[in-house]
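This report concerns only the one structure given below.
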Ligand code: IMP
Ligand code: MG
């Protein structure tokens with residue numbers, strides 16, 4: 205797997221520091237508030253699990269699944285499939301959506317639209333990465349670990365064709381790997 209990497213953008217240590225810093229900020233901002241953290245699967249699974257263990261508050265955890273990507277291209281917002289079992293109880297809660305990356309903004313805006321219908325006390329967005337250059341829908345993260353350029357990255361939950369999520373750092377793949385999605 206290491207041979208497939210062109211460049212490491214954010215090391216394990218750098219990620220750890222930023223995740224701790226964001227968790228400390230959340231601990232202050234949500235002190236004495238009922239917080240439900242909603243992780244967007246699959247991309248947020250590594251970030252989510254590290255982040256929640258650093259938040260010293262009795263938060264509730266939920267996950268929702270958003271299928272928007274295949275290979276390296278997004279599909280139209282209309283095709284974004286959101287699978288969840290969020291219910292009316294969330295109206296008593298502040299909600300923090302956790303995702304791997306804010307790219308075009310289509311996925312998170314769809315998720316916010318869906319959650320708004322449940323009328324929670326507040327809705328905020330926390331992402332590992334912000335790829336502002338690709339934004340199509342006006343949306344900014346409330347909490348973000350790193351800004352990145354318009355590069356396709358993998359690792360720490362981010363995938364190419366559902367692989368490389370388990371890399372402990374964020375990296376750019378070699379061009380030769382990106383040409384065709386692996387089938388094996
Ligand atoms: P959106 O374009 O903001 O809707 O982002 C949709 C999803 O695309 C994200 O949640 C990621 O799962 C995926 N994505 C966007 N950019 C990258 C990338 O550089 N690497 C891997 N996945 C990405
Ligand atoms: Mg993804």
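Numbering (this note's numbering), first residue to last: 205 to 388. Heads up, the beta-carbon is just placed ideally off N, CA and C, and yes, glycines get one too. The structure displayed is predicted, hence computed values, not measured ones.
Say whether chain D places a C-beta atom closer than 7 Å to the C-beta of residue 234. Of the protein chains in this structure there is only one, and it is not chain D.
Residue closest to residue 300, alpha-carbon to alpha-carbon, out of 212, 243 and 271: Stepping through the chain shown from its first residue, residue 300 is reached at position 96. Comparing Cα-Cα distances from residue 300 to each of 212, 243 and 271, the minimum goes to 243.
C-beta contact flag for residue 222 and residue 330 at 7 Å: Start at 1 with the first residue of the chain shown, and residue 222 comes out as number 18. Start at 1 with the first residue of the chain shown, and residue 330 comes out as number 126. The Cβ atoms of residue 222 and residue 330 lie no closer than 7 Å to each other.
Report whether the distance from the Cβ of residue 362 to the nearest heavy atom of the ligand IMP is below 6 Å. The residue you call residue 362 lines up with position 158 of the chain shown. Between the ligand IMP and residue 362, a heavy atom-to-CB distance of less than 6 Å is present.
For the ligand IMP, any of its heavy atoms closer than 6 Å to the Cβ of residue 229? Here residue 229 refers to the residue found at position 25 of the chain shown. Relative to the ligand IMP, residue 229 has its C-beta separated by 6 Å or more from all heavy atoms.
Is the CB-CB distance between residue 208 and residue 378 below 7 Å? Along the chain shown, read from residue 1 onward, the residue named residue 208 stands at position 4. Along the chain shown, read from residue 1 onward, the residue named residue 378 stands at position 174. With contacts defined by Cβ atoms closer than 7 Å, residue 208 and residue 378 form a contacting pair.
Compute the Euclidean distance between the alpha carbons of residue 337 and residue 351, then round it to the nearest angstrom. One-based indexing of the chain shown puts residue 337 at position 133. One-based indexing of the chain shown puts residue 351 at position 147. Taking the straight line joining both Cα atoms gives about 10 Å.
What residues are listed by DSSP as bridge partners for residue 348? Taking the first residue of the chain shown as position 1, residue 348 is located at position 144. Answer is 331, bridged to residue 348.
Pairs of beta-carbons, one from the segment 284 to 291 and one from the segment 250 to 260, closer than 8 Å: are there three or more? Counting Cβ pairs under 8 Å, fewer than three are found: no touch.
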